[in-house]
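**Q** Following this message is one structure expressed as structure tokens.
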């Protein structure tokens, strides 16, 4: 940190011309009053997103308090068995899906633009949409508990208990559809974050200079992309079984309950790290600020984060040690479980080392206390985590209160404490500082409460107490431990209440014009102003820019660095190259609007109506959402005529205001979307092969069912190929968009894709293959349903592109719609081809 | 016993019955814990458990000690920790060495507790059902069937064949071994051996629906001779009623339609939907560990099954049966020993 190092001349001369700042402020001004709902800027959406997540934390916490009241003494009957089962299911489900994942995404959306030295993430409307469907859908989902229709099968919902025969009510559908679409929100957020981190970093912020928190979020978002499709597929299959009697999980018709467990835990285990890694990223930001020293072993911590992301996908069988899987296979997973503990341990040592390297002794501020509490609780939870990876130990501990203790130590320690530390740490960066006095009271209540609640559970588990029981007998030595747990829960709740009081008394939304660097941190979120983030975007030369150049704040606020103005008169963000962060173009980003609000309300209503089996309202809501989507993309996703072609952002850097092809952010987002779809499709292929393995060659196809008709399959193959080719031709012949070749090619593409799809389905039907008779047919048609969804979307996109062309909104520089449509078509055709090869080829290869 | 407990229809009464049952079962502690092993498998796992507990505690204290040191030691001393060497040593080398050692040791234990210890184990089929356990001894012939109670001979390895009749359950007798799931469409096998006689409690550990909580059972380890005698008794047809009241009870059993779900050996009642009742009077509990077993609870269970364990498959006969009949039925069932 040599502060005397020579600085490059500022790219934009000071002082700035009059009116420049005013225009910037006007462009980024927030709508006032009720119109604020239409705002998409992360400065408003981010904190609201965090607040909503905390609301769900408290709502789920209330359920836990009822649980703890019921278990305070043996034999209590505060709630009946059915209500109790809904309580623990909702507690787990809301905490995992409506609190933990959204909370870490919300913090990321709030902090990242400023932290990365950027104005805004690339798709603010998508971010706002993800927030709104979560808010509306989440609240409706939660309310199901007041009507006794909340899910009651435990948060991992094992069939056949959750099948139609044993759970005929709507409770399970609430889970499958409610959670299914909240996952969509999580995935939308993840795509926004990945593209944002890779493309919206400030100039000069190479991957090596990127703050550790952004690394954590990058790994987190990547894991969401690869893990969440598995649970979406699992939910879809179970819903297909419940609604249409397709036997995926019913052994009497070739299904297997274990299929659910594999799919669910392929999501469920990475989920734990999805929650923990962003929290670890926060800790890696707060610890250096508290110590006033750089993070020791930065690159090792980066490797640890990435490594955790990879290893966590090899661990799903951890939750299935007692299902009768052969011990040899289990030993592989035990070893993987040990391996994943190493990167977490490494980070603990990196934080201790950073504390140790502090120049002055650490001040025990509220954020620091929460970090220390985190280290205590998380280390203990990590050690019990190693224990439960040990196979024979887990055979005893599995599904007892020992596991309840372990998972709460890991999640409360590993995620809640860092989050509360982050709230106290970053509150001044997004609004106003909270009270140190109340914060410390809250910390001690929460810290002691956590340990008092969950430590005794290790003991009650080893005294033989299984999880998910609504009462327990006296005389087995369980009374004391349960009473202590209940007292601890009340204490923890009191701590959370103190934070709530603190927030109500002291927190005010909105960044201040003059930002204080409260903790003398080194990163750029501490110099961001209101709405537009930084007045000007500095060239990043260090991982801790504010420590590198203490004068940076003044220069940035004076507008001396890049892009100190609204170059095109609209909201805009600087897009840079992914590795070296070289500026590439100035992209406009969306401002306030209503279409995403309507789309969000429509989407939420669609899924909730479907959960209640109200088909017609669901269809109506679906149409509303669809119209809103089309309005959303029709207006303001492509360059408008009259925009200046190039702008000078300062320092002699002249950038285009528009780009096409693979360097655009929308291209990157489309690639991410295809990764999501591909992962989901891979899960379906896995389903098909798993069920074949369970049934054996002789039952594939089972008697009475046939192979798909190969002639129709070949026709479908050729038609998919021709459809893909048509789009390539349309894209290549677009030119200025006035000719007819691309329109005819588009039209031909639409017809060919539809025809290919019909041949694809007909080949199955003529087999004959029926979805309800056997898992063979169910899994084949399951693949087809996924393809059908894609074909429908591809047709919509093709029609949309054609409409754009006819409206004169396509051609020349304006080719985002055709570029994206082409990508998606190639994907859909490819997915169709893979499906054909599998369904036609695989069973014919069997002896 | 002139009062008929089955008349208590109020939910409160039912809940009181649950409470009573739970209290009665509370004979002693240590009957449902991995830390008081009754056999070799559980004993090996218990040693492993203590190794993990103690090792984990030592590491925890060590790490917290380093943290405190890093926070409060004099600057010059603590700054010695503030470098990559410390992170590599504590965060990579130490865990790799420890975990490799643990992996080798734990795989050894793992092997020891799953490898067959005998060529001739006693096979016992246990079928999990919402919310009770069907137990069959196939080596002893067709009739050797009981429910919610697992008898096993001391010193001889048993092989449990675990399956399910409806949803996923999990069988756990912590004093003997870890748990093993019962999955529809599959048969899981687990070996265990009791090394000393005793009574242990087991419980379902995979959430299986409304009354998952009240799905427990007793495991009874007996000396081989006692076990053989018990097994022989299970196979025999039930003796004829020895009192007029018992005879009336048997008649009520038929009239009320109990035989549509239950088996009583030596009679026409051979259904398998509910627990086999041939020796119900000799069992340690009723309703899968929910109630102690005597004439009062038998009558109470028949009358108020839906109050005691709402949502289980047994209908409540409290309104259908007059008090005398109920008591007669209970007297006859109590005599089935």
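Protein chains in written order, with the working numbering: chain A, 381 to 1227; chain B, 13 to 349.
Each residue gets a CB set at the ideal place from its N, CA and C atoms; glycine is no exception.
Please read these numbers as outputs of a predicted model, since none were measured by experiment.
Please state the DSSP three-state secondary structure of residue 1075 of chain A.
**A** One-based indexing of the first chain puts residue 1075 of chain A at position 695. Correct three-state label for residue 1075 of chain A: helix.
**Q** Under 8 Å by Cβ, that's how I've got residue 340 of chain A and residue 607 of chain A pegged, so tell me the actual separation to the nearest angstrom.
**A** The question about residue 340 of chain A has no answer here: the residues shown for chain A are numbered 381 through 1227.
**Q** Given this structure, state the Cα-to-Cα distance separating residue 540 of chain A from residue 637 of chain A, to the nearest angstrom.
**A** As a first step, residue 540 of chain A is located in the first chain; it is residue number 160 there, counting from the start. As a first step, residue 637 of chain A is located in the first chain; it is residue number 257 there, counting from the start. Cα-Cα distance, rounded: 6 Å.
**Q** Measure the C-alpha to C-alpha separation of residue 963 of chain A and residue 1073 of chain A and round it to an integer number of angstroms.
**A** Here residue 963 of chain A corresponds to residue number 583 of the first chain, with the count starting at 1. Here residue 1073 of chain A corresponds to residue number 693 of the first chain, with the count starting at 1. The straight-line gap from Cα to Cα measures roughly 52 Å.
**Q** Taking contact to mean 3 or more Cβ pairs, one atom from each stretch, closer than 8 Å, check whether the segment 715 to 729 of chain A and the segment 101 to 119 of chain B are in contact.
**A** A contact exists between the segment 715 to 729 of chain A and the segment 101 to 119 of chain B.
**Q** For residue 553 of chain A, does the count of other Cβ atoms within 10 angstroms reach 16, so buried, or fall short, so exposed?
**A** Stepping through the first chain from its first residue, residue 553 of chain A is reached at position 173. That one is buried.
**Q** Count the other CB atoms within 10 Å of the CB of residue 770 of chain A; is the residue buried (16 or more) or exposed (fewer)?
**A** As a working note, residue 770 of chain A is residue 390 in the first chain. So residue 770 of chain A counts as buried.
**Q** Taking the straight line between their C-alpha atoms, what separation do you get for residue 500 of chain A and residue 700 of chain A?
**A** Indexing the first chain from 1 puts residue 500 of chain A at position 120. Indexing the first chain from 1 puts residue 700 of chain A at position 320. Cα-Cα distance, rounded: 43 Å.
**Q** Relative to the C-alpha of residue 814 of chain A, which residue among A:879, A:912, A:1213 is closest?
**A** As a first step, residue 814 of chain A is located in the first chain; it is residue number 434 there, counting from the start. Looking at the Cα atoms, A:879 is the closest of the given residues.
**Q** Among A:1155, A:490, A:513, which has the Cα closest to the Cα of residue 988 of chain A?
**A** The count along the first chain starts at 1 and reaches residue 988 of chain A at position 608. The residue with the shortest Cα to Cα distance from residue 988 of chain A is A:513.
**Q** Shorter than 8 Å from the beta carbon of residue 179 of chain B to some beta carbon of chain A?
**A** Within the second chain, numbered from 1, the residue matching residue 179 of chain B stands at position 167. Taking Cβ atoms only, chain A reaches closer than 8 Å to residue 179 of chain B, which makes this a yes.
**Q** So which residues of chain B does residue 756 of chain A contact, with C-beta pairs closer than 7 Å?
**A** For the purposes of this step, residue 756 of chain A is identified with residue 376 of the first chain, where counting begins at 1. What residue 756 of chain A touches in chain B: 76.
**Q** List, in chain order, every chain B residue whose beta-carbon is nearer than 8 Å to that of residue 461 of chain A.
**A** Taking the first residue of the first chain as position 1, residue 461 of chain A is located at position 81. Going along chain B in sequence order, the residues near residue 461 of chain A (Cβ under 8 Å) are 222, 223, 225, 322, 323.
**Q** Span of the beta strand (DSSP E) holding residue 229 of chain B?
**A** Counting from one through the second chain, the residue named residue 229 of chain B turns up at place 217. Note, residue 229 of chain B: beta strand (DSSP E), 228 to 234.
**Q** May I have a chain-ordered list of the alpha helix (DSSP H) segments no shorter than 4 residues that lie completely inside the segment 909 to 938 of chain A?
**A** Listed in chain order, they are 925 to 928, 932 to 938.
**Q** Contact criterion: CB-CB distance below 8 Å. Does residue 309 of chain B meet it with respect to chain A?
**A** By one-based count along the second chain, residue 309 of chain B stands at place 297. Taking Cβ atoms only, chain A never reaches closer than 8 Å to residue 309 of chain B, which makes this a no.
**Q** Measuring CB to CB, does residue 538 of chain A end up less than 8 Å from residue 640 of chain A?
**A** In the first chain, residue 538 of chain A corresponds to position 158, counting from 1. In the first chain, residue 640 of chain A corresponds to position 260, counting from 1. Cβ atoms of residue 538 of chain A and residue 640 of chain A: closer than 8 Å.
**Q** Enumerated in chain order, which unbroken segments of the alpha helix (DSSP H) with a length of 4 residues or greater are wholly contained in the segment 734 to 821 of chain A?
**A** As far as the segment 734 to 821 of chain A is concerned, its whole alpha helix (DSSP H) runs of at least 4 residues are 746 to 769, 771 to 777, 781 to 791, 797 to 810.
**Q** Taking only beta carbons into account, state which residues of the segment 774 to 791 of chain A come closer than 9 Å to chain B, listed in chain order.
**A** Residues 774, 775, 776, 777, 778, 779, 780.
**Q** At what residue ranges does the segment 101 to 150 of chain B contain a whole run of the beta strand (DSSP E), taking only runs of 3 or more?
**A** Counting whole runs of 3 or more residues, the segment 101 to 150 of chain B contains the beta strand (DSSP E) stretches 134 to 141, 144 to 148.
**Q** Take residue 282 of chain B and list the residues in its own chain whose beta-carbon comes closer than 7 Å to its own, dropping the five residues that flank it on each side.
**A** Position 270 of the second chain, counted from the first residue, corresponds to residue 282 of chain B. Closer than 7 Å at the Cβ level, and outside the excluded window around residue 282 of chain B, lie 275.
**Q** Report whether the distance from the Cβ of residue 846 of chain A to the nearest heavy atom of the ligand MG is below 7 Å.
**A** Annotation note on the ligand MG: not contained in the displayed structure, which lists no ligands.
**Q** Do we get a CB-CB distance below 8 Å when we pair residue 381 of chain A with the residues of chain B?
**A** Numbered from its first residue, the first chain carries residue 381 of chain A at position 1. Reliability fails at residue 381 of chain A, whose pLDDT of 35 lies under 50, so the model's placement of it is uncertain and the value that follows must be treated cautiously. False, the Cβ-Cβ gap to chain B never drops below 8 Å.
**Q** Please tell me whether residue 734 of chain A has its Cβ less than 8 Å away from any Cβ of chain B.
**A** Within the first chain, residue 734 of chain A is the residue found at index 354, counting from 1. Yes, because at least one Cβ of chain B sits closer than 8 Å to the Cβ of residue 734 of chain A.
**Q** Taking DSSP's pairing of strands, which residues face residue 193 of chain B in a bridge?
**A** By 1-based counting over the second chain, the position of residue 193 of chain B is 181. Answer is B:182, bridged to residue 193 of chain B.
**Q** For residue 61 of chain B and residue 753 of chain A, what's the separation of their Cα atoms in angstroms?
**A** In the second chain, residue 61 of chain B corresponds to position 49, counting from 1. In the first chain, residue 753 of chain A corresponds to position 373, counting from 1. In a straight line, the C-alpha of residue 61 of chain B is about 26 Å away from that of residue 753 of chain A.
**Q** Check each residue of the segment 46 to 66 of chain B: if its Cβ is closer than 9 Å to any Cβ of chain A, include it; give the result in chain order.
**A** Residues 46, 47, 53, 54, 56, 57, 58, 60, 61, 64, 65.
**Q** Report the neighbours of residue 90 of chain B on chain A: residues whose CB is nearer than 7 Å to its CB, in chain order.
**A** Walking along the second chain from the start, residue 90 of chain B turns up at place 78. Within chain A, the residues near residue 90 of chain B are 736.
**Q** Check whether the segment 578 to 590 of chain A and the segment 615 to 635 of chain A are in contact - that is, three or more C-beta pairs closer than 8 Å.
**A** The segment 578 to 590 of chain A, when compared against the segment 615 to 635 of chain A, does not touch it at the 8 Å Cβ threshold.
**Q** Which residues, in chain order, does the segment 826 to 845 of chain A contribute to contact with chain B at a C-beta distance below 8 Å?
**A** Listed in sequence order: 842, 843, 844.
**Q** With 16 as the cutoff for other CB atoms within 10 Å, does residue 527 of chain A come out buried or exposed?
**A** Residue 527 of chain A sits at position 147 when you count from the first residue of the first chain. Looking at its Cβ environment, which holds fewer than 16 other Cβ atoms inside 10 Å, residue 527 of chain A is exposed.
**Q** Based on Cα-Cα distance, which residue from A:445, A:824, A:923, A:684 lies nearest to residue 464 of chain A?
**A** Along the first chain, read from residue 1 onward, the residue named residue 464 of chain A stands at position 84. Checked all of A:445, A:824, A:923, A:684; the closest Cα to residue 464 of chain A is A:445.
**Q** When DSSP labels each residue in this structure, what does residue 1149 of chain A get in the three-state scheme?
**A** Stepping through the first chain from its first residue, residue 1149 of chain A is reached at position 769. Three-state result, residue 1149 of chain A: coil.
**Q** Could you pull the DSSP bridge partners for residue 1184 of chain A from this structure?
**A** Taking the first chain and counting its residues from 1, one reaches residue 1184 of chain A at position 804. Answer is none; residue 1184 of chain A lacks a bridge partner.
**Q** What residues from the segment 1107 to 1139 of chain A come within 8 Å of chain B, judged by C-beta to C-beta, listed N to C?
**A** Answer in chain order: no residues at all.
**Q** If you draw a straight line from the alpha carbon of residue 556 of chain A to that of residue 1173 of chain A, how long is it in whole angstroms?
**A** Taking the first chain and counting its residues from 1, one reaches residue 556 of chain A at position 176. Taking the first chain and counting its residues from 1, one reaches residue 1173 of chain A at position 793. Residue 556 of chain A and residue 1173 of chain A: Cα-Cα distance of roughly 22 Å.
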